Structures are given as C-alpha cells and as structure tokens.
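Colleague: Starting off with a structure, shown below.
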Amino acid sequence: DEQHRFGVHQRMALLEKGAISHQLVMTATPIPRTLTMVLYGNMDVSVIDEQPPGRQKIDTRAIPYERREQVISAIKSATDGGQQAYWVCPLIAESDQLQLAAAETTAQMLSQHIGASSVSLLHGRMTNTDKTTVMRAFKDGKIKLLVATTVIEVGMDVPNATIMVIENPERMGLAQLHQLRGRVGRGVLPSHCILLYKNPLSEKARERLEIMRTSTDGFHIAEKDLEMRGPGELGGTRQTGEQQFRVADLAKHAHLIPSIITNAEALMRSDKQAVDLLLETWGPRSIETLKV
Numbered sequence: 008d009e010q011h012r013f014g015v016h017q018r019m020a021l022l023e024k025g026a027i028s029h030q031l032v033m034t035a036t037p038i039p040r041t042l043t044m045v046l047y048g049n050m051d052v053s054v055i056d057e058q059p060p061g062r063q064k065i066d067t068r069a070i071p072y073e074r075r076e077q078v079i080s081a082i083k084s085a086t087d088g089g090q091q092a093y094w095v096c097p098l099i100a101e102s103d104q105l106q107l108a109a110a111e112t113t114a115q116m117l118s119q120h121i122g123a124s125s126v127s128l129l130h131g132r133m134t135n136t137d138k139t140t141v142m143r144a145f146k147d148g149k150i151k152l153l154v155a156t157t158v159i160e161v162g163m164d165v166p167n168a169t170i171m172v173i174e175n176p177e178r179m180g181l182a183q184l185h186q187l188r189g190r191v192g193r194g195v196l197p198s199h200c201i202l203l204y205k206n207p208l209s210e211k212a213r214e215r216l217e218i219m220r221t222s223t224d225g226f227h228i229a230e231k232d233l234e235m236r237g238p239g240e241l242g243g244t245r246q247t248g249e250q251q252f253r254v255a256d257l258a259k260h261a262h263l264i265p266s267i268i269t270n271a272e273a274l275m276r277s278d279k280q281a282v283d284l285l286l287e288t289w290g291p292r293s294i295e296t297l298k299v
C-alpha cells in the first residue's frame with residue numbers, strides 16, 4: 008500500500024520474499040515510472056474512480072503567504088464551530104539555511120490564536136508512544152488543530168477534519184500534495200485545502216499548484232507529474248527524469264502503445280532468440296528492476 012513511498016530496491020526485496028510471489032500495488036498517485044510501466048504493459052491496472060459514499064469534494068485554493076492572517080481567522084472560525092484542521096509545515100524546527108515554515112514555531116504561534124489546549128504538534132522525531140497519544144487525541148476530538156510535518160501524509164482518518172493548510176507547497180511534489188490533501192474530505196462536511204505559498208514562484212511550482220487547484224483526480228495528477236518530471240528508467244532505479252528511449256517519445260507515440268504491447272507479446276511467444284537480440288541491442292543494462 009502507498010506504493011509511491013517505496014523505492015525500486017525496496018519493492019524488489021518485497022517481491023523476492025517468496026519463490027513465486029504475486030504483487031498487488033495500491034496507490035492514490037502512481038509515481039511516473041510506475042505509470043509508464045502501466046502504459047507499456049508491464050502491469051495490469053484496475054482503477055477505482057469513485058469516492059466512497061458520503062465523501063465531499065475538496066475545495067483547493069492557492070493563497071499567498073501575505074494572507075496568512077486571513078487563513079488563521081478561517082481556521083479559528085472552523086474550530087470554534089466544532090470542526091478540526093491540519094496545518095502542515097515542511098520543517099520541524101527553524102533552519103538558518105532554509106526559509107521555510109517550521110512546525111514547532113508555527114504550533115506556538117497558532118496556540119496564541121486558537122488556544123493552547125486546542126493545538127498540538129506531531130512530527131517524526133517524537134517517540135512512537137507520543138505520536139500515538141497525539142493522533143488518538145486528535146481522532147477523539149480533544150485536539151482541534153494538529154500542526155504537523157508531512158508525517159501525517161498517510162494513516163490519518165479523522166472525518167471531522169475539514170481544513171488542510173499546507174505551508175510552502177511550492178517545495179513539495181504533486182504526489183505528496185495530493186496525499187496530504189486526502190487527509191480531509193473524509194466526512195459529510197464540505198472540506199478545504201489551502202496551499203499557502205511564498206512568492207516568487209518558479210514556473211514549475213506555479214504549474215504544480217495550478218494542477219492541484221483544478222483537479223482532485225489522482226490519475227490525472229499522476230499523468231501531469233509524468234509530463235513534468237519524466238518517467239525515469241524502466242530498466243533502472245531512477246523513478247523520474249528524462250526518457251532514455253533511443254527512438255520512442257512517450258508523449259508523441261502514446262497511441263502506438265496497445266499495438267506495441269500486442270506485437271511484443273507475439274514476438275516473445277514465437278521467437279525468443281530475436282527477443283534476446285533486441286534486448287541486447289536496444290534494452291537496458293539490467294532488466295531485473297522491470298519486475299517492480
């Protein structure tokens with residue numbers, strides 16, 4: 008589960024646990040390399056394109072840092088009304104090198120606005136016991152606002168949480184942003200995701216935020232991620248980056264993929280020697296990683 012969080016070697020090790028292993032991969036946002044392998048026939052895919060019953064669509068907005076006080080006021084109104092919220096920061100503590108939001112100082116600041124008893128902190132340096140205590144308190148409604156790092160990307164299911172604020176989203180990838188947004192919208196109340204960005208934005212960052220603002224479809228987001236970052240190596244461990252094909256271009260030749268798969272399967276059945284020669288001439292140095 009959550010396949011996008013695993014590297015190629017990790018997935019190879021899992022697949023080799025048994026003599027004849029079957030592999031079922033689940034993810035809300037396929038990483039570019041995996042999406043490419045789906046297109047090229049190495050994996051079969053089933054798509055669940057419906058929300059669970061009762062789920063609400065998430066309204067996503069990109070808001071500049073200069074309007075942070077307005078966002079805090081909206082959070083206070085929501086928590087005063089009985090709802091809960093997440094506030095995600097990329098760092099645990101402030102850094103001299105990186106001018107990014109830190110969870111510790113943000114939690115202190117928000118405690119002054121929301122109330123110290125209603126705000127709690129969660130990050131990866133905490134002990135498992137402390138993390139479990141905080142998560143349980145948030146799930147039970149004892150905490151109104153959870154300030155956290157991206158550690159909450161998976162494993163949090165709190166239907167009463169209706170607002171997700173992500174600071175410095177311009178420094179995060181599409182898959183991570185989509186996963187974080189998925190922590191809200193799990194109940195019957197309308198939910199919101201606020202991407203609190205800092206100017207100036209690069210062209211790529213602006214494009215990522217626009218994709219997030221206009222789509223909640225994980226496969227569409229993965230396709231856009233593929234266009235922006237590239238598929239990586241099908242015969243290697245690099246999961247993003249420019250294509251290494253000598254002739255084919257994924258964007259230009261996507262319509263040929265079904266016939267390519269059919270012809271390749273026929274050739275593998277009829278002429279193993281030709282397949283070996285083709286792989287030796289045109290293929291990657293190693294084909295071990297193709298299995299994952």
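Read the sequence shown against the numbering used here and you will find it ends at 299, with the numbers running on by one and no gaps. Note that CB positions come from ideal geometry on N, CA and C, so glycine has one too. All values derive from a computational prediction rather than experimental measurement.
#1: If we count the other Cβ atoms within 10 Å of its Cβ and call it buried at 16 or more, is tryptophan 94 buried or exposed?
#2: Taking DSSP as the reference, what is the three-state secondary structure of glutamine 30?
#3: Ends of the beta strand (DSSP E) at threonine 134?
#4: When the Cα atoms are used, what is the spatial distance from glutamate 210 to valine 165?
#5: Would a C-beta distance cut-off of 8 Å place leucine 187 and glutamate 160 closer than the cut-off?
#6: For leucine 274, I'd like the list of residues in its chain whose CB is within less than 7 Å of its CB, leaving aside the five on either flank, ordered along the chain.
#7: If distances are taken between C-alpha atoms only, which option among Ile150, Gly61 and Pro207 comes closest to leucine 128?
#8: Buried or exposed for alanine 92, please, with buried defined as at least 16 other CB atoms from any protein chain shown within 10 angstroms of its CB.
#9: For a quick check, are the C-beta atoms of leucine 216 and leucine 202 less than 8 Å apart?
#10: Report all residues from its chain with a CB closer than 6 Å to the CB of histidine 63; omit the five preceding and five following residues, and keep chain order.
#11: Could you spell out the range, first to last residue, of the alpha helix (DSSP H) harbouring aspartate 87?
#12: In whole angstroms, what is the alpha-carbon distance linking isoleucine 268 and alanine 229?
#13: Is the distance from the Cβ of glutamate 177 to the Cβ of alanine 155 below 8 Å?
#14: Let me confirm a value: proline 97 is counted as buried when at least 16 other C-beta atoms fall within 10 Å, else exposed. Which label applies?
#15: Taking 6 Å as the limit between beta carbons, can you name the residues of its chain near glutamine 30, skipping five residues before and five after?
#16: Report the CB separation of asparagine 175 from alanine 108 in whole angstroms; it is logged as a contact under 8 Å.
Modeller: For this structure:
#1: buried
#2: coil
#3: No beta strand (DSSP E) holds threonine 134; DSSP gives it neither H nor E.
#4: 34 Å
#5: yes
#6: Ala281 and Val282
#7: Ile150
#8: buried
#9: yes
#10: As written in the sequence, residue 63 is glutamine, which differs from the histidine given in the question. Excluding residues within five positions, the ones whose Cβ falls inside 6 Å are Gly192, Pro197 and Ser198.
#11: 75–87
#12: 22 Å
#13: no
#14: buried
#15: Leu22
#16: 6 Å
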